[in-house]
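With my numbering as the guide, the letters of the sequence shown map in order to residues 19 to 188.
We treat Cβ as the ideally placed atom computed from N, Cα and C, and that holds for glycine.
A quick note: this is a predicted structure, and the numbers were derived from the prediction, not measured.
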Amino acid sequence: MSERDRWLAAGDEELARDCEEERFRSGGPGGQHRQKNATGVRLHHRPSGVSAAASESRSLAENRRRALRRLRLRIACEVRERFQGDAFAWPAELARYIAGGAVRIDPRNPDYARLAALALDALLASQGRYAAAARAVGLSTSQFVGLLERAPEVRRAAAALRAASGDGAG
19 MSERDRWLAA GDEELARDCE EERFRSGGPG GQHRQKNATG VRLHHRPSGV SAAASESRSL
79 AENRRRALRR LRLRIACEVR ERFQGDAFAW PAELARYIAG GAVRIDPRNP DYARLAALAL
139 DALLASQGRY AAAARAVGLS TSQFVGLLER APEVRRAAAA LRAASGDGAG
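Quick look at the structure:
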(Lines of atoms letter the chains of each structure in order from A; the text may use other names.)
(Lines give C-alpha, C1' and ligand atoms only; values in the text may rest on other atoms or scores of the structure.)
Protein backbone atom coordinates (compact mmCIF):
# COMPACT_ATOMS: atom_id res chain seq x y z
CA MET A 19 0.00 0.00 0.00
CA SER A 20 1.40 3.38 -1.00
CA GLU A 21 1.82 6.26 1.40
CA ARG A 22 -1.09 8.11 -0.20
CA ASP A 23 -3.32 5.05 0.13
CA ARG A 24 -2.37 4.75 3.82
CA TRP A 25 -3.45 8.37 4.36
CA LEU A 26 -6.75 7.71 2.58
CA ALA A 27 -7.39 4.47 4.49
CA ALA A 28 -6.63 6.06 7.88
CA GLY A 29 -9.45 6.74 10.31
CA ASP A 30 -10.53 10.30 10.98
CA GLU A 31 -8.49 10.60 14.20
CA GLU A 32 -5.34 9.23 12.57
CA LEU A 33 -5.67 11.50 9.53
CA ALA A 34 -6.35 14.51 11.79
CA ARG A 35 -3.12 13.83 13.73
CA ASP A 36 -1.17 14.52 10.51
CA CYS A 37 -2.94 17.87 10.09
CA GLU A 38 -2.60 21.40 11.38
CA GLU A 39 -6.07 22.61 12.33
CA GLU A 40 -7.05 26.24 12.11
CA ARG A 41 -10.38 27.52 13.37
CA PHE A 42 -11.99 30.60 11.93
CA ARG A 43 -15.23 32.54 11.90
CA SER A 44 -16.96 32.36 8.59
CA GLY A 45 -19.15 34.90 6.93
CA GLY A 46 -22.85 34.52 6.68
CA PRO A 47 -26.03 36.43 7.16
CA GLY A 48 -25.95 39.12 9.81
CA GLY A 49 -28.61 39.98 12.27
CA GLN A 50 -29.37 39.04 15.82
CA HIS A 51 -28.34 35.38 15.48
CA ARG A 52 -25.06 35.93 13.66
CA GLN A 53 -22.43 33.24 14.22
CA LYS A 54 -19.99 34.68 16.77
CA ASN A 55 -17.82 31.63 17.46
CA ALA A 56 -14.96 30.29 15.39
CA THR A 57 -16.57 27.07 14.15
CA GLY A 58 -15.05 27.02 10.67
CA VAL A 59 -12.26 24.44 10.31
CA ARG A 60 -9.31 24.49 7.91
CA LEU A 61 -7.07 21.41 7.86
CA HIS A 62 -3.59 21.37 6.35
CA HIS A 63 -2.22 17.85 5.82
CA ARG A 64 1.49 18.27 6.57
CA PRO A 65 2.86 15.22 4.69
CA SER A 66 1.10 16.03 1.40
CA GLY A 67 0.70 19.81 1.66
CA VAL A 68 -3.00 19.52 0.77
CA SER A 69 -5.61 21.65 2.58
CA ALA A 70 -9.39 21.59 2.96
CA ALA A 71 -11.93 23.65 4.89
CA ALA A 72 -15.54 23.55 6.02
CA SER A 73 -17.67 26.24 7.63
CA GLU A 74 -21.28 25.53 6.64
CA SER A 75 -22.41 24.26 10.03
CA ARG A 76 -22.62 26.05 13.36
CA SER A 77 -21.11 22.89 14.86
CA LEU A 78 -17.34 22.67 15.14
CA ALA A 79 -17.48 18.85 15.18
CA GLU A 80 -19.61 18.71 12.02
CA ASN A 81 -17.30 21.16 10.22
CA ARG A 82 -14.29 19.05 11.25
CA ARG A 83 -15.95 15.90 9.80
CA ARG A 84 -16.74 17.72 6.56
CA ALA A 85 -13.21 19.12 6.31
CA LEU A 86 -11.76 15.62 6.80
CA ARG A 87 -14.03 14.22 4.07
CA ARG A 88 -12.98 17.03 1.71
CA LEU A 89 -9.32 16.55 2.63
CA ARG A 90 -9.52 12.86 1.69
CA LEU A 91 -10.98 13.73 -1.70
CA ARG A 92 -8.41 16.48 -2.27
CA ILE A 93 -5.56 14.07 -1.49
CA ALA A 94 -7.13 11.54 -3.88
CA CYS A 95 -7.35 14.20 -6.60
CA GLU A 96 -3.98 15.89 -6.12
CA VAL A 97 -1.51 13.18 -5.04
CA ARG A 98 -0.64 10.78 -7.87
CA GLU A 99 1.12 7.43 -7.48
CA ARG A 100 2.73 5.23 -10.12
CA PHE A 101 0.09 2.94 -11.63
CA GLN A 102 0.89 -0.80 -11.44
CA GLY A 103 -0.25 -1.55 -15.01
CA ASP A 104 -0.36 -5.29 -15.78
CA ALA A 105 0.07 -6.12 -12.08
CA PHE A 106 -2.97 -4.04 -11.03
CA ALA A 107 -5.66 -5.59 -8.86
CA TRP A 108 -8.17 -3.76 -6.70
CA PRO A 109 -7.20 -4.14 -3.02
CA ALA A 110 -9.43 -6.75 -1.35
CA GLU A 111 -11.09 -4.19 0.92
CA LEU A 112 -12.09 -2.14 -2.16
CA ALA A 113 -12.96 -4.98 -4.54
CA ARG A 114 -16.27 -5.50 -2.74
CA TYR A 115 -17.49 -2.18 -4.16
CA ILE A 116 -16.72 -3.38 -7.70
CA ALA A 117 -18.54 -6.67 -7.99
CA GLY A 118 -21.30 -8.10 -10.09
CA GLY A 119 -20.78 -5.77 -13.03
CA ALA A 120 -21.47 -2.55 -11.12
CA VAL A 121 -19.55 -0.01 -9.09
CA ARG A 122 -21.49 0.48 -5.87
CA ILE A 123 -20.13 3.17 -3.58
CA ASP A 124 -21.38 6.51 -2.34
CA PRO A 125 -18.88 9.40 -2.64
CA ARG A 126 -19.43 10.13 1.07
CA ASN A 127 -17.99 6.70 1.91
CA PRO A 128 -14.35 7.16 3.05
CA ASP A 129 -13.28 4.29 0.74
CA TYR A 130 -14.49 6.27 -2.30
CA ALA A 131 -11.38 8.47 -2.09
CA ARG A 132 -9.11 5.41 -2.48
CA LEU A 133 -11.13 4.08 -5.43
CA ALA A 134 -11.05 7.49 -7.10
CA ALA A 135 -7.30 7.91 -6.47
CA LEU A 136 -6.52 4.54 -8.10
CA ALA A 137 -8.80 5.35 -11.04
CA LEU A 138 -7.10 8.73 -11.52
CA ASP A 139 -3.68 7.01 -11.41
CA ALA A 140 -4.88 4.67 -14.18
CA LEU A 141 -6.20 7.62 -16.19
CA LEU A 142 -2.85 9.39 -15.95
CA ALA A 143 -0.97 6.23 -16.99
CA SER A 144 -3.36 5.88 -19.97
CA GLN A 145 -2.62 9.42 -21.20
CA GLY A 146 -6.13 10.57 -20.33
CA ARG A 147 -7.93 7.88 -22.35
CA TYR A 148 -10.98 6.60 -20.48
CA ALA A 149 -11.27 3.33 -22.43
CA ALA A 150 -7.63 2.36 -21.86
CA ALA A 151 -7.78 3.29 -18.17
CA ALA A 152 -11.03 1.34 -17.73
CA ARG A 153 -9.47 -1.78 -19.30
CA ALA A 154 -6.43 -1.41 -17.04
CA VAL A 155 -8.58 -1.56 -13.90
CA GLY A 156 -11.03 -4.17 -15.18
CA LEU A 157 -14.08 -1.94 -15.63
CA SER A 158 -16.21 -1.00 -18.60
CA THR A 159 -15.71 2.53 -19.87
CA SER A 160 -19.13 3.59 -18.57
CA GLN A 161 -18.40 2.11 -15.12
CA PHE A 162 -15.04 3.89 -15.04
CA VAL A 163 -16.50 7.25 -16.07
CA GLY A 164 -19.37 6.77 -13.59
CA LEU A 165 -16.88 6.18 -10.77
CA LEU A 166 -15.04 9.41 -11.60
CA GLU A 167 -18.21 11.47 -11.95
CA ARG A 168 -19.69 10.65 -8.55
CA ALA A 169 -17.96 13.62 -6.90
CA PRO A 170 -17.49 17.03 -8.58
CA GLU A 171 -13.88 17.43 -7.39
CA VAL A 172 -12.93 14.02 -8.82
CA ARG A 173 -14.67 14.85 -12.12
CA ARG A 174 -12.67 18.10 -12.30
CA ALA A 175 -9.41 16.25 -11.54
CA ALA A 176 -10.15 13.74 -14.32
CA ALA A 177 -10.88 16.56 -16.76
CA ALA A 178 -7.60 18.27 -15.81
CA LEU A 179 -5.62 15.04 -16.35
CA ARG A 180 -7.27 14.54 -19.75
CA ALA A 181 -6.56 18.15 -20.75
CA ALA A 182 -2.92 17.87 -19.66
CA SER A 183 -2.55 14.68 -21.72
CA GLY A 184 -3.68 16.32 -24.94
CA ASP A 185 -7.08 15.63 -26.37
CA GLY A 186 -7.73 12.60 -24.12
CA ALA A 187 -10.08 11.14 -26.72
CA GLY A 188 -11.25 7.58 -26.22
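Open item on the list: With H, G and I counted as helix, E and B as strand and the rest as coil, what does DSSP make of PHE162?
Closed with: Here the question's residue 162 lines up with position 144 in the sequence shown. If DSSP states are grouped into helix, strand and coil, PHE162 belongs with the helices.
Task: Between the CA atoms of THR57 and SER66 - distance to the nearest angstrom - done: Reading the sequence shown from its first residue, position 48 is the one you call residue 66. Reading the sequence shown from its first residue, position 39 is the one you call residue 57. Rounded to whole angstroms, the gap between the alpha carbons of SER66 and THR57 is 24 Å.
- [ ] Kindly confirm or deny that the segment 123 to 139 and the segment 95 to 109 touch, where touching means at least three C-beta pairs closer than 8 Å.
- [x] yes
TODO: Label ASN81 either buried or exposed according to how many other C-beta atoms from any shown protein chain fall within 10 Å of its C-beta, with 16 as the threshold for buried.
DONE: The residue labelled residue 81 in the question sits at position 63 within the sequence shown. With 16 or more other Cβ atoms within 10 Å, it is buried.
Open item on the list: DSSP has ARG60 in a bridge; who is on the other side?
Closed with: Here residue 60 refers to the residue found at position 42 of the sequence shown. According to DSSP, ARG60 bridges with GLU40, ALA71.
Open item on the list: Let's see if you can read the secondary structure: which residues bound the alpha helix (DSSP H) around ILE93?
Closed with: On the sequence shown, residue 93 is found 75 positions in, with the first residue counted as 1. Element bounds for ILE93: 78 to 96.
Open item on the list: Less than 8 Å between the C-beta atoms of ALA131 and LEU33, yes or no?
Closed with: Taking the sequence shown and counting its residues from 1, the one referred to as residue 131 is at position 113. Taking the sequence shown and counting its residues from 1, the one referred to as residue 33 is at position 15. No, these two residues do not count as a Cβ contact at 8 Å.
Task: Three-way DSSP call (helix, strand, coil) for ALA176 in this model - done: Taking the sequence shown and counting its residues from 1, the one referred to as residue 176 is at position 158. Note: ALA176 maps to helix in three-state DSSP.
Open item on the list: Per DSSP, what are the beta-bridge partners of ALA117 in this structure?
Closed with: Counting from one through the sequence shown, the residue named residue 117 turns up at place 99. According to DSSP, which records beta bridges pairwise, ALA117 is partnered with ALA120.
Task: Enclosing alpha helix (DSSP H) for ASP139 [first to last residue] - done: Against the sequence shown, residue 139 aligns to sequence position 121. Its alpha helix (DSSP H) spans residues 128 to 143.
Open item on the list: Once DSSP output is grouped into helix, strand and coil, what is the label at ARG22?
Closed with: Taking the first residue of the sequence shown as position 1, residue 22 is located at position 4. Of the three classes helix, strand and coil, the one that applies to ARG22 here is helix, per DSSP.
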